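Notes to accompany the following structure.
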Amino acid sequence: MTGIVLPDRRQRRRQETIKQVLDVAVEVMADQGVAGLTLGEVARRMGIRPPSLYVYFDSKNALYDALFERGWAELLTTMRAVWERAASQSPSEAFLSFSIAFVRWAVEHPAYAPLMFWRPVPGFAPSEQAYAAAIEIQRLARQFLGDMQRRGGLRPDADLESAYRTWTSVTSGVMTQQLSNAPAEPFDTGTFTSTLPDVVAMWLAHYGGHRNRTSD
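Here is the structure:
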């Protein structure tokens, strides 16, 4: 067969090793916190010498960057799936689903969430490539709000940028409270995550339009 370039075996092995490094790094962060991640501990758990990791990541910040990118890429996949279902729901139902999916993912991925949403590592800033999925989620959320407004789910005069900033503030607040104070609780019955429908209802009471009480 011509015209198809198969991955080189060495390249496949390299990608498999990188995936393993990232998987183990997530385990370390889950056990010791984001700031507790070290290349030495990752190497120890993999059964290799620390210098071997520099073939794949030239610094700890490079490893953080790859983890940041992976986390946001996974969240983006989740949010796109919610977006695709939104048209079959009323504006308020769709918005609640969008909000729940966002907060649920963060709370159920406590190793990633601090790195993605807080700044627990002094001196670390994600690269443009690593931040791309986060930017795409911001774009998707703003588009979601614009579509809500067009469908009558938000007031015609609602300031969409204000609505977006307020939404990120309240959802981040719920997420942070749960992760900080009751991280072991299930999402659906969490002390703070269980308030999310009420939080969204308050947001809709401020920004919502005439179609929030009816289905499309």
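Going by the working numbering, the sequence shown opens with residue 3, and the numbers climb by one from there. All C-beta atoms, glycine included, are put in the ideal place defined by N, C-alpha and C. Note that this is a predicted model, so its numbers are computed, not measured.
Using the Cα positions of residue i and residue j, report the straight-line distance between them to the nearest angstrom.
i           : j           : result
residue 109 : residue 74  : 14 Å
residue 208 : residue 10  : 56 Å
residue 63  : residue 203 : 40 Å
residue 179 : residue 194 : 6 Å
residue 160 : residue 206 : 11 Å
residue 183 : residue 127 : 26 Å
residue 56  : residue 47  : 16 Å
residue 215 : residue 201 : Confidence is the limiting factor: at residue 215 the pLDDT is only 48, short of 50, which leaves the residue's position unreliable and the question unanswerable from this model.
residue 95  : residue 153 : 13 Å
residue 58  : residue 28  : 16 Å
residue 33  : residue 186 : 13 Å
residue 39  : residue 25  : 12 Å
residue 113 : residue 16  : 24 Å
residue 60  : residue 41  : 10 Å
residue 118 : residue 66  : 10 Å
residue 14  : residue 120 : 33 Å
residue 12  : residue 21  : 14 Å
residue 23  : residue 158 : 49 Å
By Cβ distance below 7 Å, which residues in the same chain neighbour residue i in space, the five residues on each side in sequence not counted?
i           : result
residue 198 : 101, 102, 105, 176
residue 45  : 51, 52, 54, 55
Using a Cβ-Cβ cut-off of 6 Å (strictly less than) and excluding sequence neighbours within five positions of residue i, which residues of its own chain qualify?
i           : result
residue 116 : 36, 122
residue 83  : none
residue 220 : No statement about residue 220 is possible, as the shown extent of the chain runs from 3 to 218 and does not include it.
residue 107 : 77, 80
residue 3   : For residue 3, the predicted model reports a pLDDT of 45, less than 50, meaning its position is unreliable; a value from the coordinates is still stated below. The answer is none, since no qualifying residue turns up.
residue 31  : 39, 113
residue 43  : 30
Taking only three categories from DSSP, how would you classify residue i?
i           : result
residue 1   : Given that the chain is displayed from residue 3 to residue 218, the structure contains no residue 1 and the question cannot be resolved.
residue 210 : strand
Quick one: what's got a C-beta closer than 8 Å to residue i's C-beta in the same chain, skipping five residues either side?
i           : result
residue 156 : 93, 147, 150, 162, 165, 209, 210, 211
residue 192 : 109, 180, 184
residue 99  : 84, 87, 88, 91
residue 19  : 58
residue 174 : 119
Practice task
Check whether the segment 131 to 139 touches the segment 63 to 73, counting contact only when three or more Cβ pairs, one atom from each stretch, lie closer than 8 Å.
Solution key: With a cut-off of 8 Å on Cβ pairs, the segment 131 to 139 is in contact with the segment 63 to 73, counting three or more such pairs.
Exercise for the section: Check whether the segment 140 to 150 touches the segment 162 to 173, taking contact to mean three or more Cβ pairs, one atom from each stretch, closer than 8 Å. Expected result: A contact exists between the segment 140 to 150 and the segment 162 to 173.
Handout entry: Length-filtered (4 minimum) alpha helix (DSSP H) runs lying within the segment 112 to 144
Key = Listed in chain order, the complete alpha helix (DSSP H) runs (minimum 4 residues) inside the segment 112 to 144 are 115 to 119.
Handout entry: In chain order, each alpha helix (DSSP H) run of at least 4 residues that lies wholly inside the segment 159 to 202
Key = Runs found: 162 to 183.
Practice task
Mind listing, in chain order, the continuous alpha helix (DSSP H) runs of no fewer than 4 residues lying wholly within the segment 61 to 106?
Solution key: Contiguous alpha helix (DSSP H) elements confined to the segment 61 to 106 occur at 62 to 87, taking only those with 4 or more residues.
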